[in-house]
Amino acid sequence: MTGTDRLGLAISWTIAICCVVFLMLPIVVTVAASFTSSSVYTLPPPEWSLRWYRSLDRRSGLWEAVMLSLNLALISTAISLVLGTLAAVAVARGRFQGREAIATFTVSPLMMPGLVVGVALLQFFREIGLRDAYWSLLLGHIVITLPFVMRTLLASMSSFDFSLVDAARTLGLSYPKAILKVLIPNLAPAYLTGGLFAFLASMDNYPISIFLTDARNKTLPIKMLQYLEEQPDPSLAAISSGLILMAVIVLVIGSRTVGLNRMIQG
Amino acid sequence: MRRLDHIGLLALPGLSFLAVIFALPLLLLLLKSFQIDGQFSLEEYRLFFSDEYNMSVLWRTLRVAALTTLLALVIAYPTAIAMSRANGIWLSIFLVAMVLPMSVGVVVKAFAWSIIFRTRGVLNDLLMSLGITEAPIRMLFTETALIIGAANVFLPFMVLPIYAVLRQMDSRLPEAAASLGATPVFRFVNVTLPLSLPGVVAGCAFVFSLAVSMYVIPSLIVGERQQTLSMLTARSFLFLRNEALGATISSILLIIAVSVVLGSSWLANRLGARS
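Going line by line, the protein sequences match chains A and B.
First residue of the first sequence: 491, per this note's numbering; consecutive thereafter.
First residue of the second sequence: 16, per this note's numbering; consecutive thereafter.
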C-alpha cells in the first residue's frame, strides 16, 4: 500500500465517520430536546425533565391520531402482504408475457412523487363519489405499502426453490395450503423486512394523507404538522422521540431476526 | 401449461387494485392538465411557463434538487468506499447509521432540522459558545438550510446503492492493476470509479427525484417564503382552490420524476453493457 492509498483511505474514513454523525444528528437532537425543562429548544437543556412527556395527554386529538395511524398502517400492510404474495408468486412462477412489466409496475409507486399521487387520488375519489375519509386513506395507504412489500417479495421469490412447494403438493397439500405452510415460513425474513418498512412508510406518510383527510380523520404526521403551526413547544420533540423509539424497536426486531445486511437489501 | 396460466391469474387482485387506485388517477390527472372544457389544449402549460413567479419556483426546485443530490453524492461516495472495506463492529455501526434514519420518519427529521437551524436554536447556540459568531445567524428559511436538511434525509438512498456496487466489486481488480504498476489515482479513475458508476447513477436518480418532489422538508425548513413546485401544488389545491394550476404543476412534477427514472435506467443499462 502506497502513501497515496493510505491518504485516500484516511480521507474516506474521516468523511464516513462525519457522515455517521451527520445522519444521527437529527435523532440525537430530537431525543435530547424532548427531555428539557425549558419551553424553548436549547441544548443541552438547562435541566432534564419529563415535563413535555406529561404534557402530551393535554394535547387534544393526539391519541385519536396515533390510533388512526396505527390502524391504517397495520391494515394496509396486512392487505399489501396478501395482494403482494399473490402477485409475487404469479411473477415468479407464471409463464406468461410481461412478467417483468408487472414487477416494475407494482414497485413503481415508490418512484412517483407522493404529493402527485395524493392529488390524483383526491380528484379520482371525488369523481367516483367516495367521500369517506377513512376509506380514502386506507386505499391510499395500500398504494403506499404495496410497493415496499412487492420489492422484497419479488427479490426473495426470484431465488426461492419452488420445487419445495411442488413437493408439498405431491404430499397432498392444496396449492394455497402449500403456499401458506411452505413458501411463507421459508420467506419469513422477506415478509418481516417488507412488512416493517411498509408499516413505517405508512406511519410516516404526509404528502398522500394530507389530501385525503377530513376534520375528524387526521393521521399522526398531519396532526404533528398542525401542532407545529399552532403551538410548537418541546412536546413535539416528545412525540417525535416516541416515533424514534418505535423505529429503534423495529430495527432491533429486524436485526435480531434477519440481520442488518438483509434489511438494507430489502 | 394450463396450471401455470392459472398461476398468472394470482397477480390480478394486486394489479387491478394498482391499475384503478394508482395508474388510472394519475392518468386522469395528466389528461386533465391537457384539457380545457373537454378540449385538448396546452393553454394551462403556456400560462404556467409564461408566469415569471412560476418559472422562478421551477428553477429553485430544480436547483435545490441538483445541489441536494450533489451534496449527498460528495458525502456518500467516500462513505460507501469506507463501508465497503469495513468489517465487524464498524460495518454494524455504518449499517445502523443508514437503517435507523431510514426507519425514522421524514416528519421527525425535518422537525429536528428546524430545531437545529432556529435562530435561538442548537446550531446558533453552538456557534456563539465557540465564539465563531457573536450574534445569531438567520439559518432557518434559507436555501442552504433546506439543502443540508434534504441531503441529510436522502443520504442513505445515495450511500446504499454505491455501497452495494462497491461491495460486489472484485477487490482483486484494483490489486491486479496495482501489481501492473498503476498508480492509486489511475486505479481509482480507471477501475473503481467506472465500476461504481451504476450505483452512482441509481443513487443520484433516486435522490434527485425525491428532492424534486419533497414537500414536508421545505414546508418545515423554508416555509411559505420560498416556494417549491410541491408546495405550490399543495397550496393551489388546499388554499387557493385553483385545481387547474394544481393539476398542471403536479403533471410537471410527474413528468420530471418519470423522465429521471427512465433516463437513469437507460443510462445504467448503457453503463452495464459497456463494462
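The beta carbon of each residue, even a glycine, is placed where N, CA and C say it ideally should be.
(request) Report the rounded CA-to-CA distance for A/ALA657 versus A/MET640, giving the unit in angstroms. (result) Computed Cα separation, rounded: 25 Å.
(request) Whole angstroms is fine: what's the gap from B/ILE236's alpha carbon to B/PRO171's? (result) C-alpha of B/ILE236 to C-alpha of B/PRO171: approximately 20 Å in a straight line.
(request) Report, in whole angstroms, the separation of the C-beta atoms of B/LEU73 and B/LEU244, which I expect to be a contact under 8 Å. (result) About 6 Å separates the CB atoms of B/LEU73 and B/LEU244; that is less than 8 Å, so the two are in contact.
(request) Taking only the alpha-carbon atoms, compute the straight-line gap between B/LEU42 and B/SER266 and give it to the nearest angstrom. (result) Each residue's alpha carbon lies about 10 Å from the other.
(request) State the DSSP-derived secondary structure class of B/PHE254, mapped to helix, strand or coil. (result) Coil.
(request) Classify B/ILE152 as helix, strand or coil using the three-state DSSP reduction. (result) DSSP places B/ILE152 in coil when its eight states are reduced to three.
(message) In the DSSP output, what is B/ILE51 paired with across the bridge?
(response) Residue pairing for B/ILE51: DSSP places it in a beta bridge opposite B/GLN54.
(message) Measuring only the C-alpha atoms, how far is B/MET16 from A/ALA582?
(response) Confidence at B/MET16 is low in this model, with a pLDDT of 45, below 50, so the placement of that residue should be treated as unreliable; the coordinate-derived value is given next. Spanning the two alpha carbons is a distance of roughly 15 Å.
(message) On the DSSP bridge list, what partners appear for A/THR526?
(response) Bridge pairing for A/THR526: A/TRP538 [DSSP].
(request) Quick one: residues in its chain with C-beta nearer than 8 Å to the C-beta of A/SER559, no 5 flanking neighbours on either side, listed in chain order? (result) SER692, MET693, THR709, LEU710 and PRO711.
(request) For B/SER144, go through chain A and note every residue whose CB falls closer than 8 Å to its CB, in chain order. (result) Those do not exist, as B/SER144 stays about 11 Å from chain A at its closest Cβ, beyond 8 Å.
(message) I'd like to know whether the C-beta atoms of B/ALA191 and B/ARG202 end up nearer to each other than 7 Å.
(response) Cβ atoms of B/ALA191 and B/ARG202: not closer than 7 Å.
(request) For B/VAL231, decide whether its Cβ has a neighbour in chain A, counting only Cβ atoms nearer than 7 Å. (result) Put simply, the CB of B/VAL231 is near chain A, with a gap under 7 Å to one of its CB atoms.
(message) If you follow the alpha helix (DSSP H) that A/ARG621 is in, where does it begin and where does it stop?
(response) For A/ARG621, there is no enclosing alpha helix (DSSP H), since its DSSP letter is neither H nor E.
(request) With DSSP collapsed to three states, give me the class of A/ALA705. (result) Per DSSP, reduced to three states, the secondary structure at A/ALA705 is coil, with no helix or strand assignment.
(message) Between which residues of its own chain and A/ARG776 is the CB-CB distance below 7 Å, once the five residues before and five after are set aside?
(response) Given that chain A is displayed from residue 491 to residue 756, the structure contains no residue 776 of chain A and the question cannot be resolved.
(request) Can you grab the Cα-Cα spacing for the pair A/THR494 / B/SER186, in whole Å? (result) Taking the CA atoms as reference points, A/THR494 sits about 18 Å from B/SER186.
(request) Classify A/ILE551 as helix, strand or coil using the three-state DSSP reduction. (result) With the sequence shown as reference, residue 551 of chain A is identified as Gly, and Ile is not the correct amino acid for it. A/GLY551 falls in the coil class under three-state DSSP.
(request) Would you grab the beta carbon distance between B/VAL206 and B/PRO189 for me? Rounded to a whole angstrom, and I think it's under 8 Å. (result) Your pair B/VAL206 and B/PRO189 checks out as a contact, with CB atoms roughly 5 Å apart and the cut at 8 Å.
(message) Let me confirm a value: A/LYS667 is counted as buried when at least 16 other C-beta atoms fall within 10 Å, else exposed. Which label applies?
(response) A/LYS667 should be labelled exposed.
(request) Find out if the Cβ-Cβ distance for the pair A/VAL521, A/SER725 is shorter than 7 Å. (result) Not in contact: A/VAL521 and A/SER725 (Cβ atoms no closer than 7 Å).
(request) With 7 Å as the threshold, decide whether the Cβ of B/LEU269 is near any Cβ in chain A. (result) Between B/LEU269 and chain A, the shortest Cβ-Cβ separation is below 7 Å.
(request) Please confirm if A/THR494 has its CB atom under 7 Å from at least one CB of chain B. (result) Yes - at least one Cβ of chain B is within 7 Å of the one on A/THR494.
(request) Pick out whichever of A/ILE700, A/THR642, A/GLY604 and A/ALA591 has its Cα sitting closest to the Cα of A/LEU571. (result) Measuring from the Cα of A/LEU571, the nearest candidate turns out to be A/THR642.
(message) At the level of alpha carbons, what is the spacing between A/ARG496 and B/LEU161?
(response) Distance between the alpha carbons of A/ARG496 and B/LEU161: 35 Å.
(message) Can you check whether the C-beta of A/ARG588 is within less than 7 Å of a C-beta belonging to chain B?
(response) Per the sequence shown, the amino acid found at residue 588 of chain A is Gly instead of Arg. No, no contact with chain B.
(message) Check this for me: beta carbons of A/PRO780 and B/LEU33, under 7 Å apart or not?
(response) Outside the displayed span of chain A (491 to 756) sits residue 780 of chain A, for which this structure offers no information.
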